[in-house]
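A quick write-up on the structure given underneath.
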Amino acid sequence: MIRTRSIFQRRLLAFSGALLIATSFAARSGEIRRIVHPDGRVEYTNVAPEQATKRYGGSGSSDTIYKYRRPDGTLSFTDQRPVHIRNYEVMRFDCYACRVSSTVNWHTTPLNRSAFENSITSAAARYNVDPSLVRAVIHAESAFRADARSSKGAMGLMQLMPGTADDLGVADAYDSAQNIDGGVRYLAALLERYRGDTRLATAAYNAGPGAVNRYSGIPPYAETQAYVERVAILRDRYAQP
1 MIRTRSIFQR RLLAFSGALL IATSFAARSG EIRRIVHPDG RVEYTNVAPE QATKRYGGSG
61 SSDTIYKYRR PDGTLSFTDQ RPVHIRNYEV MRFDCYACRV SSTVNWHTTP LNRSAFENSI
121 TSAAARYNVD PSLVRAVIHA ESAFRADARS SKGAMGLMQL MPGTADDLGV ADAYDSAQNI
181 DGGVRYLAAL LERYRGDTRL ATAAYNAGPG AVNRYSGIPP YAETQAYVER VAILRDRYAQ
241 P
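Per our numbering, the sequence shown starts with residue 1, numbered consecutively.
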């Protein structure tokens, strides 16, 4: 039986130069099934459905990758938390709402109205930003995971890049209060730059102000367009009592 690997593993392994594995999948495509799980995780496998259910058990995260070394020294990546490996690194590919193929229903997905309440309320008031927008951005960026880290190095709840964090004076981007303060201050600057247009501000938060200016609007990037729409949906929902 061949080893099952998710699309995220294959992507990361491709980045690492493991083209042989991708080629192996292509060569045996007749035996491979593509499964899109309820959480949006895409799996390529030849394991029978009932076996796959027992193996994964719904515990995998569609945007989390675990990096570790096997006892023989081989560097490995998986989207399943290693069971018998004590030392591993948690990685993420992108923000929670950035995955274009996500199957999450953003109109009904559970909201988080209570996490980091004091930090969100105080930062929103300090920089005159709608707290519903702040909560929507945090939801979209990290799903309220203070320890979130993207493959590009974005950190914490509001996924601050190292350079942005430095510019904002955020000493510890994994400290929730600091991260929220810095992220909201940056969001406030973008809102001011785009005269209160939340769609342009959130597009710039995702793709950068340069891209928004270059296209004189929301960039034609599928990820950014999906992100802007999802943040808008979440903001409207968080604004409701």
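Glycine is no exception: its CB is placed at the ideal position from the N, C-alpha and C atoms.
Cβ neighbour criterion (16 or more within 10 Å) applied to valine 228: buried
Just the C-alpha distance for glycine 210 and glycine 163, rounded to the nearest angstrom, thanks. Whole-angstrom Cα-Cα distance: 15 Å.
For the segment 167-184 and the segment 131-146, state whether three or more C-beta atom pairs, one from each stretch, are separated by less than 8 Å. The answer is yes - the segment 131-146 touches the segment 167-184, with three or more Cβ pairs under 8 Å.
Pop quiz: isoleucine 180 and arginine 199 are said to be a contact at Cβ under 8 Å. What is the actual Cβ separation, rounded to whole angstroms? Not quite, the Cβ-Cβ distance comes to about 22 Å (not below 8 Å), so this is no contact.
Buried or exposed, going by whether 16 or more other CB atoms sit within 10 Å of the CB of valine 231? buried
Compute the Euclidean distance between the alpha carbons of leucine 190 and valine 83, then round it to the nearest angstrom. 43 Å
So is histidine 139 buried or exposed if we call it buried at 16+ other beta carbons inside 10 Å? buried
Cβ separation of alanine 204 and tyrosine 215, assumed to be a contact under 8 Å, to the nearest whole Å: Actually they do not touch by this definition, with Cβ atoms about 11 Å apart.
Helix, strand or coil, according to DSSP, for arginine 126 in the structure here? Looking at arginine 126 - three-state DSSP - the assignment turns out to be helix.
Is the closest heavy atom of the ligand COA to the C-beta of asparagine 128 under 6 Å? Among the components of this structure there are no ligands whatsoever, and the ligand COA is therefore not found.
Going by C-alpha distance, which of Asn128, Arg69, Gln178, Leu234 is nearest threonine 109? Leu234
Label arginine 126 either buried or exposed according to how many other C-beta atoms from any shown protein chain fall within 10 Å of its C-beta, with 16 as the threshold for buried. exposed
Helix, strand or coil at histidine 102 [DSSP, three-state]: The sequence shown places serine at residue 102, not histidine. Coil.
List the DSSP bridge partners of leucine 191. Partner(s): none; leucine 191 has no beta bridge.
Let's test the definition: count the other Cβ atoms within 10 Å of the Cβ of tyrosine 186 and tell me whether it reaches 16, buried, or not, exposed. buried
With burial defined as no fewer than 16 other Cβ atoms inside 10 Å of the residue's Cβ, what is the status of leucine 111: buried or exposed? exposed
Assumed close pair alanine 188, asparagine 118 - CB separation to whole angstroms, cut-off 8 Å: Wrong, their Cβ atoms sit about 18 Å apart, outside the cutoff.
Taking just the CA atoms, how far does threonine 121 sit from glutamine 225? 27 Å
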